[in-house]
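Worksheet: the structure to be examined is printed underneath.
There are 2 protein chains.
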Amino acid sequence: MRQAPLERFYSVIPAGGVGSRLWPLSRADAPKFLHDLTGSGQTLLRDTWDRLAPLSGEQRIMVVTGRAHRAAVEAQLPELTDENIVLESEPRDSTAAIGLAAAILERREPGVIIGSFAADHVISGTTLFREAVTSAVAAADAGYIATIGITPTEPAVGFGYIECGEELEIPGARHASAVSSFVEKPDLDTARTYLEGGRHLWNAGMFIARADRLLEELARTKPELHAGLVELAAEWDDPATRGPAVDRIWPGLEKIAIDYSVAEPAAERGRLAVIRGHFQWDDVGDFASLAKLNTAGRSGELAILGENARVLADAASGIVVSRADRVITLIGVRDIVVVDTPDALLVTTSEHAQRVKAVVDALRLGGSSDVL
Amino acid sequence: MRQAPLERFYSVIPAGGVGSRLWPLSRADAPKFLHDLTGSGQTLLRDTWDRLAPLSGEQRIMVVTGRAHRAAVEAQLPELTDENIVLESEPRDSTAAIGLAAAILERREPGVIIGSFAADHVISGTTLFREAVTSAVAAADAGYIATIGITPTEPAVGFGYIECGEELEIPGARHASAVSSFVEKPDLDTARTYLEGGRHLWNAGMFIARADRLLEELARTKPELHAGLVELAAEWDDPATRGPAVDRIWPGLEKIAIDYSVAEPAAERGRLAVIRGHFQWDDVGDFASLAKLNTAGRSGELAILGENARVLADAASGIVVSRADRVITLIGVRDIVVVDTPDALLVTTSEHAQRVKAVVDALRLGGSSDVL
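In order, the protein sequence lines correspond to chains G and P. Heads up: the first sequence begins at 7 in the working numbering, then just goes up one per residue. Heads up: the second sequence begins at 7 in the working numbering, then just goes up one per residue.
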């Protein structure tokens with residue numbers, strides 16, 4: 007008898023992006039997923055692991071990360087075995103990362119269902135999360151590429167949205183719909199109509215699919231990329247051939263987000279199912295959302311991050327991140343963002359938090375890579 | 007034949023105040039007068055010395071400062087002789103500081119005219135300054151307590167004002183008037199009427215008088231304080247008696263600003279003359295004025311202080327003071343004040359710059375004196 011879907015489930019955690027919009031907290035050598043951004047006392051990566059382990063089992067979580075982060079990742083996840091860590095020699099975007107995991111796991115275990123979850127998002131409501139994943143796994147078992155969309159609680163302009171189409175009747179999958187379209191970050195008025203309409207969900211970048219189905223979609227849209235990944239996966243589990251194969255294949259793989267290579271094309275062909283998730287989710291994309299997260303969404307309050315922060319605030323709101331051992335004094339600054347690290351200081355406002363990435367680019371061009 | 011008035015002139019520089027409103031730039035061990043706040047390449051104290059030396063001669067400048075600052079002051083002013091430095095064991099406000107200088111100098115040189123000028127103000131227009139001092143010295147020679155008032159160029163609310171009375175005809179003293187009243191920092195509407203009326207000058211805290219006249223005024227208003235200063239001065243120039251006299255007398259002297267002990271009472275008795283100064287002057291009382299000073303008063307610009315400042319600004323105005331070796335990034339912050347030092351960081355706005363002093367007090371009460 008075939009195993010129940012959740013028994014064939016494997017979690018994949020791509021731990022890649024630096025999180026430039028959270029500079030100077032996030033750095034090339036200390037990316038966002040290695041930070042505690044919620045005051046939980048552990049990193050976002052560890053939070054992600056702890057959320058997934060009860061679903062797939064801790065022996066069935068694969069982490070795809072950069073070679074430079076190997077030691078830090080292994081320190082966070084001592085349970086992670088060598089066979090479950092995939093090291094990238096250089097970043098090639100999410101299709102290569104998740105596609106390689108899919109190809110490796112499908113070779114090892116045909117019929118495996120994989121679920122990919124970012125290493126640096128914040129989720130609360132574990133039970134609701136598990137329910138959504140369980141539904142998504144059922145949809146995956148039925149042949150869909152599944153994603154989990156988050157029910158909006160406000161007209162957010164910092165997220166992409168998924169427009170739900172007709173409801174899908176899939177055994178074991180509650181709250182499943184077809185997807186009419188993916189939409190990029192909207193303006194505020196559009197986001198308000200989405201919130202009122204009730205048909206749009208936040209795109210949380212979670213993809214759950216049978217590995218063979220995911221590879222099949224990819225073969226259709228990006229045959230060269232697919233071929234490269236399958237070829238690399240064939241050499242992966244032999245220590246003698248993996249290294250040369252990586253050197254030969256990886257640098258030439260197309261850089262493309264899995265949203266464009268798999269999810270959107272599958273949606274157009276009616277092969278994407280979205281599960282409506284009711285848990286709280288945030289991608290903590292910038293300091294404005296970090297501030298909101300740490301003041302429980304209340305404006306006019308000041309969030310303070312930093313274990314030994316010495317902050318004196320007089321009529322101040324926003325967020326202060328203290329990573330240098332200094333007294334920080336704020337007077338009469340509203341919605342301020344102050345990030346204090348030993349070699350770099352950022353002062354901006356919630357309103358301008360999205361522009362941090364552009365400034366990081368300017369610093370790189372300006373020869374200040376030492377602080378990036 | 008009696009010497010010409012300017013030949014009897016002695017400059018006195020009280021170098022006392024920390025400048026709390028400029029914390030964390032100004033500190034107990036690095037007060038405002040030891041900073042270069044104009045980008046001139048030298049400290050305000052040295053600027054003050056250089057401004058006065060052509061008037062009184064560098065052998066005739068007395069500096070009154072705290073014992074803790076002796077080494078720093080002497081490093082700034084290598085020309086300063088031992089007999090011209092008066093060290094306070096503890097601060098006792100400006101009447102004690104200037105009164106002691108007056109009493110010492112009057113003993114050494116009866117008939118001396120002294121002029122007291124703060125160590126931490128910024129002045130440009132040296133020729134106009136010298137003209138004003140020369141007039142003030144002439145008024146002092148004629149028996150007046152003289153002060154120099156600055157012709158306002160804007161409705162400043164951060165300064166006290168001197169209201170001019172009738173013009174005074176004093177040989178050698180141009181633009182001299184009696185003083186109708188001293189007024190504290192006004193509100194903006196009042197400051198506007200002062201500016202339009204043309205009869206109010208900024209109180210720059212400059213006092214010029216014959217030492218015997220100044221002491222005579224003080225004897226009338228504060229006889230105990232006067233007696234203590236005269237007694238201390240009598241012991242001053244004997245190394246054997248100075249120390250014990252300081253220990254005995256100094257701690258008991260009343261703390262009072264010379265404005266209240268001498269200037270205002272003299273004004274009421276028609277014995278104060280104000281000379282209208284046309285030079286540019288600023289007491290650099292807070293970061294808002296420091297910002298203005300370093301952007302030539304243009305709003306919407308960003309002043310950057312710090313020799314090796316690495317500042318990246320995107321849509322930012324105000325002032326950033328860089329005293330720690332860090333990259334400072336400002337995005338979308340207007341009229342901001344960022345002061346970055348190795349152990350303390352201040353973020354506020356020009357509008358709230360006056361509140362820095364209150365925060366310094368709060369830090370002291372809160373046990374953070376290590377950064378004050």
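Using N, Cα and C, we set each Cβ at its ideal position, and we do this for glycine too.
Would you verify that the beta carbon of residue i is, or is not, closer than 9 Å to some beta carbon of chain G?
i        : result
P/Met7   : Since pLDDT at P/Met7 reaches only 49, below the 50 mark, its modelled position is unreliable, and the value read off the structure follows with that caveat. So no, P/Met7 is outside the interface.
P/Ile337 : yes
P/Asp349 : yes
P/Pro158 : no
Against chain P, with Cβ distances strictly below 9 Å, would residue i count as a contact?
i        : result
G/Ala2   : In this structure chain G extends from 7 to 378, so residue 2 of chain G is not present and cannot be described.
G/Val333 : yes
G/Val344 : yes
G/Leu296 : no
G/Val377 : yes
G/Glu374 : Note that residue 374 of chain G corresponds to Ser in the displayed sequence, not to Glu. Yes, because at least one Cβ of chain P sits closer than 9 Å to the Cβ of G/Ser374.
G/Pro11  : no
G/Asp126 : no
G/Pro30  : yes
Residue j and residue i - do their beta-carbons sit closer together than 9 Å?
i        : j        : result
G/Ile120 : G/Ala217 : yes
G/Phe213 : G/Val268 : yes
G/Trp256 : G/Arg98  : yes
G/Thr153 : G/Val362 : no
P/Ala359 : P/Asp288 : no
G/Ile110 : G/Val92  : yes
P/Asp349 : G/Leu351 : no
G/Glu260 : G/Thr71  : no
G/Ala138 : G/Leu50  : no
P/Val69  : P/Val18  : yes
G/Trp29  : G/Leu378 : yes
G/Trp208 : G/Pro158 : yes
G/Arg114 : G/Leu61  : no
P/Ile262 : P/Ala215 : no
G/Gly372 : P/Leu308 : no
P/Leu134 : P/Gly283 : yes
G/Ser95  : G/Asp367 : no
My assumption, with CB atoms under 8 Å, is that residue i sits in contact with residue j. Please give the rounded CB distance.
i        : j        : result
P/Ile337 : P/Ala321 : 7 Å
P/Ala387 : P/Pro20  : The requested residue 387 of chain P is not part of the displayed model; chain P covers only 7 to 378.
G/Leu43  : G/Leu238 : The Cβ separation is near 33 Å, so there is no contact.
P/Ala182 : P/Ile176 : 5 Å
P/Val327 : P/Leu31  : 5 Å
P/Gly149 : P/Arg219 : 6 Å
G/Glu188 : G/Gly203 : The amino acid at residue 188 of chain G is misidentified as Glu; the sequence shows Phe. Rounded, the Cβ-Cβ distance is 16 Å, inconsistent with contact.
P/Phe15  : P/Val143 : 5 Å
P/Ser374 : G/Arg332 : Actually they do not touch by this definition, with Cβ atoms about 11 Å apart.
P/Ala179 : P/Ser141 : 4 Å
P/Leu235 : P/Leu106 : 5 Å
P/Ile156 : P/Ala210 : 5 Å
Quick check: is any heavy atom of the ligand FAD less than 8 Å from the C-beta of residue i?
i        : result
P/Ile168 : In terms of ligand content, the structure shown is empty, and the ligand FAD therefore cannot be addressed.
Measuring only between beta-carbons, confirm whether residue i sits less than 9 Å from chain B.
i       : result
P/Ala10 : Absence of chain B from the displayed structure is noted, the protein chains being G and P.
Problem set entry | chain P contacts from the segment 352-372 of chain G (Cβ-Cβ distance under 8 Å) | Leu352, Val353, Thr354, Thr355, Glu357, His358, Arg361, Val362, Ala364, Val365, Ala368, Leu369, Gly372
Problem set entry | Three CB pairs or more closer than 8 Å across the segment 227-237 of chain G and the segment 187-205 of chain G | no
Exercise. Is it true that the segment 342-351 of chain G meets the segment 270-278 of chain G, where meeting means three or more beta-carbon pairs spaced less than 8 Å apart?
Worked result: no
For this session: Would you list, in chain order, the members of the segment 291-322 of chain G that have their beta-carbon closer than 9 Å to a beta-carbon of chain P?
Result: Arg316, Leu318, Asp320, Ala321, Ala322
For this session: Check each residue of the segment 41-61 of chain P: if its Cβ is closer than 9 Å to any Cβ of chain G, include it; give the result in chain order.
Result: none
Exercise. Taking contact to mean at least 3 C-beta pairs separated by less than 8 Å, is the segment 161-171 of chain G in contact with the segment 104-122 of chain G?
Worked result: no
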